[in-house]
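Colleague:
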Amino acid sequence: MACVLVAEDSPEIAKLMELTLHMEGYHVLQAFDGVQALALAREHEPDLILLDVMMPGFNGFEVARELKKDEQTSDIPIIFVTANHEMDTLVQGLEVAVDYISKPFAVLEFSARVRAALRMRRLQDDLKASNEQLSRLAITDALTGLLNRRGFDTQLEDELWRARRFGHSIALVLFDLDRFKRVNDTWGHSQGDVVLQRFAEVLTLSSRRVDKVARFGGEEFALLLPSTDEAGVRTVCEKVRTATEAMRIPLPPQDGKEQWINVTVSGGGIVLPRISEGGAEMPHISSGLFEVADRSLYSAKEGGRNRIVIEVSTDADVAQIGIELPPSPSVSSTPVIEN
1092 MACVLVAEDS PEIAKLMELT LHMEGYHVLQ AFDGVQALAL AREHEPDLIL LDVMMPGFNG
1152 FEVARELKKD EQTSDIPIIF VTANHEMDTL VQGLEVAVDY ISKPFAVLEF SARVRAALRM
1212 RRLQDDLKAS NEQLSRLAIT DALTGLLNRR GFDTQLEDEL WRARRFGHSI ALVLFDLDRF
1272 KRVNDTWGHS QGDVVLQRFA EVLTLSSRRV DKVARFGGEE FALLLPSTDE AGVRTVCEKV
1332 RTATEAMRIP LPPQDGKEQW INVTVSGGGI VLPRISEGGA EMPHISSGLF EVADRSLYSA
1392 KEGGRNRIVI EVSTDADVAQ IGIELPPSPS VSSTPVIEN
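The numbering of the sequence shown is our numbering, which starts it at 1092 and goes up by one.
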């Protein structure tokens, strides 16, 4: 049921509006001055506001401007109700409202304009929801529901600035499932997808709500840990490693025997205890973080897999690595050993 706020200081007109709207099946809120109208709009966020231009307290134009300045109420459509038919008044009103109704009004016209405004509101809400869904899809990995690389990079940039501003530590860890190609080759990509989904669950459950978890593609995942020191990072990573090692993906029995897939994971990370105020540029720090994490991941793979390697560095050193990198769209590891 749509909710309509009627802000009208004339009791007779307000009553007529209320009765008409009730007959149309709408829930009605009533205000008799501008101050009350603002309070009710902010409290209830109605689907439509019918706003008298001339009211005590704030007039209709002042109320509308206040509502449009507030993000919470800026999208609520407004129809001005006025006995003033001067062109300047109408033009001024349509700058902040979707329509106006002249007093005295015909009930049929009044109802039609209300329906049209509410229909427009529904269309706007549907469009907004669709755009929000598209925005989420653009930064989400379809298989696991985690952030994708694009979404992760945005979160990384935000967290780097926050770490610099508040003097917090920050850590980046890259994870790669060991010999994952064998899983796909042996059991097929559908079973491989199940493994990836299960590992995504392990990574999510092992991290905190403030941490950022992503899948970059294939079997490569990333974890961003704000305000976490080296010991905390190692604790989380070891939790991920042991949970992955204990993971069992059941398969159909063969010759009456149970069988399952088990995998291990390697991780490489970098911890920055702090980011200096006024220090290196963020893109260089970001690139350097990935380069060091890639290097650590390579060391974990080369050291026998199923292990975690974490480096601790300074923002200046990491940024210098980022500066020295050749220009490329993204920094990712290309180990010469089998993953």
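Every residue, glycine too, gets a C-beta built ideally from N, C-alpha and C.
1) CB-CB under 6 Å to I1366, same chain, minus the five flanking residues each way: which ones, in chain order?
2) May I ask which residues mark the beginning and end of the alpha helix (DSSP H) holding P1374?
3) Extract the residue ranges of the beta strand (DSSP E) inside the segment 1158-1229, only unbroken runs of 3 or more that lie entirely within it.
4) Can you give me the start and stop residues for the beta strand (DSSP E) that P1317 sits inside?
5) Could you tell me the boundaries of the alpha helix (DSSP H) in which H1118 lies?
6) V1356 and F1290 - do their beta-carbons sit closer together than 8 Å?
7) Helix or strand or just coil, what does DSSP make of P1147?
8) Answer with buried or exposed for A1063, where buried requires no fewer than 16 other C-beta atoms within 10 angstroms of its C-beta.
9) Going by DSSP in three states, S1297 sits in which element: helix, strand or coil?
10) Which residues in the same chain have their Cβ closer than 6 Å to the Cβ of A1093, if we skip the five residues on either side of it in sequence?
11) Given a cut-off of 8 Å on the beta-carbon distance, is the pair D1269 and R1386 in contact?
12) Report yes if the C-beta distance between A1262 and T1333 is below 8 Å; otherwise report no.
13) State buried or exposed for H1280, treating a residue as buried only when at least 16 other CB atoms are found within 10 Å of its CB.
14) Just verifying my parser: in three-state terms, what is the DSSP assignment at T1245?
15) For the beta strand (DSSP E) containing A1105, name the first residue and the last one.
16) Going by the beta-carbon positions, is the gap between V1154 and L1142 smaller than 8 Å?
17) List the DSSP bridge partners of S1357.
18) Distance check for G1308 and T1235, CA to CA, integer angstroms please.
19) Between which two residues does the alpha helix (DSSP H) holding I1412 run?
20) Does R1306 come out as helix, strand or coil in the three-state DSSP assignment?
21) Hey, how far is the Cα of A1188 from the Cα of R1156?
22) By Cβ distance below 8 Å, which residues in the same chain neighbour L1129 in space, the five residues on each side in sequence not counted?
23) Could you tell me if L1251 is buried or exposed, where buried requires 16 or more neighbouring beta carbons within 10 angstroms of its beta carbon?
24) Taking only the alpha-carbon atoms, compute the straight-line gap between G1369 and A1132 and give it to the nearest angstrom.
25) Name the DSSP bridge partner or partners of W1351?
26) Out of curiosity, what's the CA-to-CA distance linking A1371 and D1249?
Modeller: The short version:
1) The residue labelled residue 1366 in the question sits at position 275 within the sequence shown. A1254, R1255 and D1406.
2) Walking along the sequence shown from the start, residue 1374 turns up at place 283. Note, P1374: alpha helix (DSSP H), M1373 to E1393.
3) 1169-1173 and 1190-1193
4) In the sequence shown, the residue the question calls residue 1317 occupies position 226. P1317 -> beta strand (DSSP E) spans E1311 to P1317.
5) Here the question's residue 1118 lines up with position 27 in the sequence shown. Counting along the chain, H1118 falls outside any alpha helix (DSSP H), though it belongs to the beta strand (DSSP E) covering H1118 to A1122.
6) What you label residue 1290 is simply residue 199 of the sequence shown in a count that begins at 1. What you label residue 1356 is simply residue 265 of the sequence shown in a count that begins at 1. Yes, the Cβ-Cβ distance between F1290 and V1356 is below 8 Å.
7) Start at 1 with the first residue of the sequence shown, and residue 1147 comes out as number 56. In the structure shown, P1147 sits in coil (DSSP, three-state: anything other than H, G, I, E or B).
8) In the structure displayed, the chain extends from 1092 to 1430; residue 1063 sits before or after that span and is not available.
9) By one-based count along the sequence shown, residue 1297 stands at place 206. S1297: helix per DSSP, three-state reduction.
10) Numbered from its first residue, the sequence shown carries residue 1093 at position 2. Counting only Cβ-Cβ distances below 6 Å, and skipping sequence neighbours, we find Y1117, D1138 and L1209.
11) Position 178 of the sequence shown holds residue 1269. Position 295 of the sequence shown holds residue 1386. With contacts defined by Cβ atoms closer than 8 Å, D1269 and R1386 do not form a contacting pair.
12) Taking the sequence shown and counting its residues from 1, one reaches residue 1262 at position 171. Taking the sequence shown and counting its residues from 1, one reaches residue 1333 at position 242. The answer is no: Cβ separation not under 8 Å.
13) As a working note, residue 1280 is residue 189 in the sequence shown. The residue in question, H1280, is exposed, as its Cβ has fewer than 16 Cβ neighbours within 10 Å.
14) Start at 1 with the first residue of the sequence shown, and residue 1245 comes out as number 154. Reduced to three states, the DSSP call for T1245 is helix.
15) The count along the sequence shown starts at 1 and reaches residue 1105 at position 14. For A1105, there is no enclosing beta strand (DSSP E); the residue is part of the alpha helix (DSSP H) that begins and ends at P1102 to M1114.
16) One-based indexing of the sequence shown puts residue 1154 at position 63. One-based indexing of the sequence shown puts residue 1142 at position 51. Taking 8 Å as the Cβ cut-off, V1154 and L1142 qualify as a contacting pair.
17) By one-based count along the sequence shown, residue 1357 stands at place 266. Paired residue(s): D1267.
18) As a first step, residue 1235 must be located in the sequence shown, where it is residue number 144. As a first step, residue 1308 must be located in the sequence shown, where it is residue number 217. Straight-line Cα distance between these residues: approximately 10 Å.
19) Against the sequence shown, residue 1412 aligns to sequence position 321. Per DSSP, I1412 belongs to the alpha helix (DSSP H) from D1406 to E1415.
20) Stepping through the sequence shown from its first residue, residue 1306 is reached at position 215. Note: R1306 maps to strand in three-state DSSP.
21) Counting from 1 along the sequence shown, the entry for residue 1188 is found at position 97. Counting from 1 along the sequence shown, the entry for residue 1156 is found at position 65. If you take the alpha carbons of A1188 and R1156, they lie about 10 Å apart.
22) Within the sequence shown, numbered from 1, the residue matching residue 1129 stands at position 38. Within the same chain, L1129 has close Cβ partners F1149, V1154, E1157 and L1158.
23) To locate residue 1251, count along the sequence shown from 1; it is residue 160. Looking at its Cβ environment, which holds 16 or more other Cβ atoms inside 10 Å, L1251 is buried.
24) Taking the first residue of the sequence shown as position 1, residue 1369 is located at position 278. Taking the first residue of the sequence shown as position 1, residue 1132 is located at position 41. G1369 and A1132: Cα-Cα distance of roughly 44 Å.
25) Along the sequence shown, read from residue 1 onward, the residue named residue 1351 stands at position 260. Bridge partners of W1351: P1341.
26) In the sequence shown, counting from the first residue as 1, residue 1371 sits at position 280. In the sequence shown, counting from the first residue as 1, residue 1249 sits at position 158. Between A1371 and D1249, the C-alpha separation is close to 16 Å.
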